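Chains as they are written, first to last, in the numbering used here: chain A, 1228 to 1431; chain B, 1228 to 1431. Ideal placement from N, C-alpha and C gives every residue a C-beta, glycine not left out. If you're wondering where the values come from, they're calculated on a predicted model, not measured in any experiment. Take a look at the structure set out below.
Number of protein chains: 2
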Amino acid sequence: MKYFTNEDIDNFHHLFRINLINSCSGYKSANLIGTTSKDGSENVAVFSSITHIGSNPPMLGFFLRPTTVLRNTYENIKATGYYTVNHIHESILKDAHHTSAKYDATVSEFDKTNLAPEYKNDFKAPFVKKAPLQLAMKYVEEYEIKANNTILVIGKIVGLHIQEALIEEDGFINLSKARIATINGLDGYAIPKLKTRFGYQRPK
Amino acid sequence: MKYFTNEDIDNFHHLFRINLINSCSGYKSANLIGTTSKDGSENVAVFSSITHIGSNPPMLGFFLRPTTVLRNTYENIKATGYYTVNHIHESILKDAHHTSAKYDATVSEFDKTNLAPEYKNDFKAPFVKKAPLQLAMKYVEEYEIKANNTILVIGKIVGLHIQEALIEEDGFINLSKARIATINGLDGYAIPKLKTRFGYQRPK
């Protein structure tokens, strides 16, 4: 095993460190967040930090750095109170990743890729068409993470569109049936295949 | 597409809702957190919420619910200030998942499974032996998430043990080379295979 100390990590070239540290937490969720600005401009951007934080009420969180391109997403969420979470699947990988490019807020990533916006049930933010799982989200609260000036945004799931074939009898969503992606590091993508379910564990 | 409203989700049987909502954020990281209590009792527990929050300084976060079994992990981190994050890989899947069983704080999951503790470089918390990636973590701060009474724990990576063959020239860690797992929902596991890297994107 190779061992890197705190100091080694601090002294790495910044691109090496960004790649290493972004890969070292394990596999990440692969989602597109869809928003609109107050004047109706659409935005869609890839996020790999969307995390389950509770089932009742159904809540998700994600982290963002207010000084990057992702600011458009944040500003839109703050302005409208709503956003969508759409799963990245095999057939849109390349376009989904391209939304990480730093476009000006006046440019819609929907115009720069083959991703298409879709509006349903009068929800204010655009879903990504053909995503096998599309969540309608309502902003709840945010926390400023002092340790590194990121922001944790917490939202409530207020609607869930899903390909029916993915849901198993007990509510489990088989992500691999829809060829949903996972992210390794900043730019690596895999399409996992479910191996096994172990069920609820009790002490031996 | 099937559509579930906010009300539908609230009215599901609680097991159906737990499975559905735990699956709907996408793939999750699969890690074991190793800790010791003040009197030296060891604990190891599976977590699927470990999330990258920054590279410089290198920081990870994870969520826990103070009222569950995972409390042992939390209490130990608060008591000692240190913990380890160890990647779950194919050959320890079953034992790793079994650590989700609610053992009393006096019982070590290391004694109930084939997982073995490993101490290195005088670090106070136990690593999980043979994990291809082992992170030494220092507690930094925590946030109480008011929306659902969970806690976000933020830690700094202070050491990183890694199988050297996993690191590519630019710092990218190829998780699939070590057959590292990802979690789907509460109890589904997959071993992804890296498909592609798209690189840094610039506007077209």
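Rounded straight-line distance, which links the Cα of residue j to that of residue i
| i | j | result |
| --- | --- | --- |
| PRO1430/B | TYR1309/A | 26 angstroms |
| LEU1387/B | THR1232/A | 7 angstroms |
| GLY1330/A | ILE1245/A | Reading off the sequence shown, one finds Tyr at residue 1330/A, where the question assumed Gly. Each residue's Cα considered, the two are about 21 angstroms apart. |
| LYS1365/B | SER1327/B | 23 angstroms |
| ASN1303/A | SER1264/A | 5 angstroms |
| TYR1427/B | HIS1240/A | 16 angstroms |
| ASN1173/A | PHE1350/B | Lying outside 1228 to 1431, the shown extent of chain A, residue 1173/A is not represented and no answer is given. |
| ARG1424/A | LYS1339/B | 20 angstroms |
| GLU1368/B | MET1286/B | 11 angstroms |
| THR1262/A | LYS1357/A | 17 angstroms |
| LEU1421/B | LYS1420/A | 12 angstroms |
| TYR1346/A | LYS1321/A | 23 angstroms |
| GLU1234/A | GLU1396/A | 50 angstroms |
| VAL1273/B | ASP1266/A | 45 angstroms |
Residues of its chain near residue i, where Cβ-Cβ distance is below 7 angstroms and the 5 sequence neighbours each way are ignored
| i | result |
| --- | --- |
| ASP1414/A | HIS1324 |
| ILE1394/B | ILE1400 |
| ARG1406/A | HIS1316, GLU1317 and ILE1418 |
| MET1228/A | none |
| ILE1319/A | LEU1342 |
| ALA1392/A | LYS1404 |
| TYR1230/A | none |
Short Cβ contact (8 angstroms threshold) for residue i with residue j
| i | j | result |
| --- | --- | --- |
| GLY1253/B | ILE1277/A | yes |
| GLU1336/B | VAL1271/B | yes |
| ASN1411/A | SER1250/A | yes |
| PRO1344/A | GLN1390/A | no |
| LYS1280/B | ILE1372/A | In the sequence as displayed, the identity of residue 1280/B is Ile instead of Lys. Yes. |
| THR1377/A | ARG1298/A | no |
| THR1311/B | PRO1284/B | no |
| ASN1258/B | ASN1313/B | yes |
| LEU1242/A | GLY1288/B | no |
| SER1469/A | ALA1332/A | The shown model of chain A, from 1228 to 1431, leaves out residue 1469/A, and the question about it has no answer. |
Residue range of the unbroken beta strand (DSSP E) whose run includes residue i
| i | result |
| --- | --- |
| LYS1422/B | 1421 to 1424 |
| THR1333/B | Taken as a continuous stretch (DSSP letters only), THR1333/B belongs to no beta strand (DSSP E), as it is neither H nor E. |
| ASN1411/A | 1409 to 1411 |
| LYS1383/B | 1377 to 1389 |
| GLN1361/B | 1360 to 1372 |
Whole-number beta carbon distance between residue j and residue i, since they are thought to touch under 8 angstroms
| i | j | result |
| --- | --- | --- |
| LEU1342/A | VAL1355/A | 6 angstroms |
| ILE1315/A | ALA1408/A | 5 angstroms |
| LEU1379/A | PHE1290/A | 6 angstroms |
| ILE1260/A | THR1307/A | About 12 angstroms; that fails the 8 angstroms criterion. |
| ILE1248/A | SER1282/B | 4 angstroms |
Range of the contiguous alpha helix (DSSP H) that encloses residue i
| i | result |
| --- | --- |
| GLU1317/A | GLU1317/A -> no alpha helix (DSSP H), and no H or E assigned at all. |
| LEU1242/A | 1241 to 1250 |
| LYS1305/A | 1298 to 1307 |
| ASN1238/B | 1233 to 1238 |
Same chain, Cβ closer than 6 angstroms to residue i, five either side skipped, listed in chain order
| i | result |
| --- | --- |
| SER1256/A | ILE1277 |
Contacts around residue i, its chain only, beta-carbon distance under 8 angstroms, and the 5 residues preceding and following it disregarded
| i | result |
| --- | --- |
| TYR1370/B | ILE1378, LEU1379 and ILE1381 |
| LYS1305/A | TYR1366 |
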